[in-house]
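Q: Under our numbering, the first residue of the sequence shown carries the number 166, and numbering increases by one thereafter. Glycine included, every Cβ here is placed at the ideal spot set by N, Cα and C.
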Amino acid sequence: MASRVVTIKQVFPSGTESEVLRVEKAVLSLVGYDNGGQTAGVIRTGEFSIGVVMQTISPILVTVCMVGDLQWPITKDSPSLRVGSRSFAFAMPGLLYGLQFPEDCSEQAMQVLERVLTRFSHYEDHSLSGRESGTKFLVPEAEPSFWSASQSKIRELTDPLLNQIGAGPAGKSPARMGGMDEGLLKAIRMSGVTKLISKAVLVGGLQPEHVDIFDMRPQSNANQNVNLLRAFATIFAFSDLVEAVEATRLVISGNRRSLPLFHPTWTPLPGIRTWNINKKGLLLLLQVLIASASIYNDEGLGAMDNTTDHEEKRRAKVVMDSELTEEESRVGEPMEHKAKSSDEAKEQETTSKEEEEEEEEETVAVREISFPIIAVAGNGITGRGGKKQVNDKLEKACVGMEVI
């Protein structure tokens, strides 16, 4: 079977995109739960490729996998596993993918993929000949039931890292409704968000002011060639935007009050330099989505109710205009601890000194991304035709991107 180890570089106004591997055939499966049981289903077949996007105006980079037209990111804080001679698993908040190549795929291509995953993701080899545990799975990887039968074992391997960074197990998210149909929608949204962020990096839509960089390397190494070292994206740069889009479904349907508070924390992994989108950047990307009206489309959000598009948008406008509190409407940098209210300050004073010391020992970045930020973004634009506009070059670059 044909495969190519390539380095094709394309130059854009604010970055470069390099394709490092292309394999003619691959099968991508979504692994999840349906009707209370473990299941898996093929969501894409076709050509596989992996590429690296680097920005020239900042040290940030993005690494992207693709099967057919479906994309997903790989990051240094999200697990990627080799679970067979031709099988790989990718876990992230709310999603678990299974990727398989045919038996006639060249070993050279697998070795290149392994090197790329080692460099750009949190990679472990759990195949029988692997360097890690040589995990034994219940059924051979050639069996159609491999992914569903192996799901529990794969989650045992991936969940500890996701819990460590503050993401929780793959396959669960605050706004998720559950089931494989919703999981497929989530995968489509993740693909759209991955494309959006990649394009924002390449065309300069994401500027240095839109991202925060955390250097968790030892101080002795951190002082060496700082400007030459790239910063790896955190998986939250993608999953937080997906969560925001999914929460919009509840907001527009009038169920905003049922949306749980979502002020998660993020624990950057030690030893690497990581970047994340800050609140200003998140607002920018949400504005692009709202300006294109893509998040109002039933194909992206799923059917919300039987109301017309006009009624759905009217509800959204009501939310944007009247339901936000002053605190929710405030735009600030999400990677810093926000100022405490007087009540919160008093409550904090009652905590024990031991608890405070324990908190100081951990490096935790509060993302402070509250889903009503969607409505804040909506207040920033009112549509087209003489109305306030968003980043034009980014919006133009996203023309033709699938609805999410």
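Are three or more beta carbon pairs between the region 209 to 219 and the region 298 to 314 nearer than 8 angstroms?
A: Not touching, per the Cβ criterion.
Q: Roughly how many whole angstroms lie between the Cα atoms of M231 and V185?
A: Taking the straight line from one Cα to the other gives about 12 angstroms.
Q: Residues in the same chain with beta-carbon distance under 6 angstroms from L282, minus the five sequence neighbours each way, listed in chain order, please.
A: Result list for L282: S245, Y288, in chain order.
Q: Helix, strand or coil: how does DSSP classify S223 here?
A: Coil, per DSSP.
Q: Can the beta-carbon of V176 be found closer than 7 angstroms to that of V192?
A: For V176 and V192, no; Cβs fall outside 7 angstroms.
Q: In whole angstroms, what separates the C-alpha of F397 from that of S286?
A: Rounded to whole angstroms, F397 to S286 spans 9 angstroms at the Cα level.
Q: Just the Cα atoms here: how many angstroms apart are I437 and L451?
A: Answer to the nearest angstrom: the Cα atoms are 28 angstroms apart.
Q: Along the alpha helix (DSSP H) that carries S315, what are the first and last residues, could you check?
A: Its alpha helix (DSSP H) spans residues 311 to 330.
Q: Please identify the residue among P267, F266, D269, T240 whose C-alpha is closest to the C-alpha of F255.
A: Per the Cα distances, T240.
Q: Looking at the unbroken beta strand (DSSP E) that takes in E289, where does it start and where does it end?
A: 287 to 290 is the extent of the beta strand (DSSP E) around E289.
Q: With 16 as the cutoff for other CB atoms within 10 Å, does I362 come out buried or exposed?
A: Looking at its Cβ environment, which holds 16 or more other Cβ atoms inside 10 Å, I362 is buried.
Q: Please state whether the Cβ-Cβ distance between M572 and W237 is less than 7 angstroms.
A: Since the first residue shown for the chain is 166 and the last is 569, residue 572 is missing from the structure and cannot be characterised.
Q: Could you check where the alpha helix (DSSP H) with M355 kicks off and where it finishes?
A: Unbroken alpha helix (DSSP H) run through M355: 345 to 368.
Q: Relative to the C-alpha of L264, which candidate in Q273, S271, F253 has its C-alpha closest?
A: The shortest Cα separation from L264 among Q273, S271, F253 belongs to F253.
Q: When you compare only the Cα positions, how much space is there between A409 and A365?
A: Roughly 18 angstroms separates the two Cα atoms.
Q: Which residue from Q203, F266, A205, L326 puts its Cα closest to that of S214?
A: With distances taken between Cα atoms, S214 lies closest to F266.
Q: Going by C-alpha distance, which of G197, K174, K190 is nearest E347?
A: Of the listed residues, the one whose Cα sits closest to E347 is G197.
Q: Residues in the same chain with beta-carbon distance under 6 angstroms from P373, minus the five sequence neighbours each way, listed in chain order, please.
A: Closer than 6 angstroms at Cβ, skipping near neighbours: S223.
Q: I'd like to know whether the C-beta atoms of W312 and A412 end up nearer to each other than 7 angstroms.
A: Against a cut-off of 7 angstroms, the Cβ pair of A412 and W312 comes out as no contact.
Q: List the endpoints of the continuous beta strand (DSSP E) containing G263.
A: It spans 260 to 265 - the beta strand (DSSP E) in which G263 sits, taken as one unbroken run.
Q: Leaving out the 5 sequence neighbours to the left and right, which residues in its chain are closer than 6 angstroms to T300 when beta-carbon positions are compared?
A: Cβ within range, chain order: H291.
Q: Among G259, G233, T181, which residue has its Cα nearest to the Cα of D405?
A: When only C-alpha atoms are compared, the closest one is G259.
Q: Using the C-alpha atoms, what's the distance from G370 back to I442?
A: Their backbone Cα atoms lie some 12 angstroms apart in a straight line.
Q: How many angstroms separate the CA atom of T228 from the CA atom of S194?
A: So the two alpha carbons sit approximately 20 angstroms from each other.
Q: Assuming F302 and V248 are in contact, meaning their beta carbons sit under 8 angstroms apart, how far apart are those beta carbons, in whole angstroms?
A: Between V248 and F302 the Cβ distance is about 7 angstroms, and since that is below 8 angstroms, they are a contact.
Q: Among the residues of its own chain, which have a CB less than 7 angstroms from the CB of K318, if the five just before and after it don't count?
A: The residues are T300, F302.
Q: Relative to the C-alpha of D380, which candidate in L350, K360, P435 has its C-alpha closest?
A: When each option's Cα is compared against that of D380, the closest is P435.
Q: Relative to the C-alpha of R358, which residue among Q203, T181, L449 is closest?
A: At residue 358 the sequence reads Val, which differs from the Arg that was named. Out of Q203, T181, L449, L449 has the C-alpha closest to the C-alpha of V358.
Q: Which residues in the same chain have their Cβ closer than 8 angstroms to the Cβ of M275, if we skip the five residues on either side of it in sequence?
A: Excluding sequence neighbours, M275 sits near S250, R251, F266.
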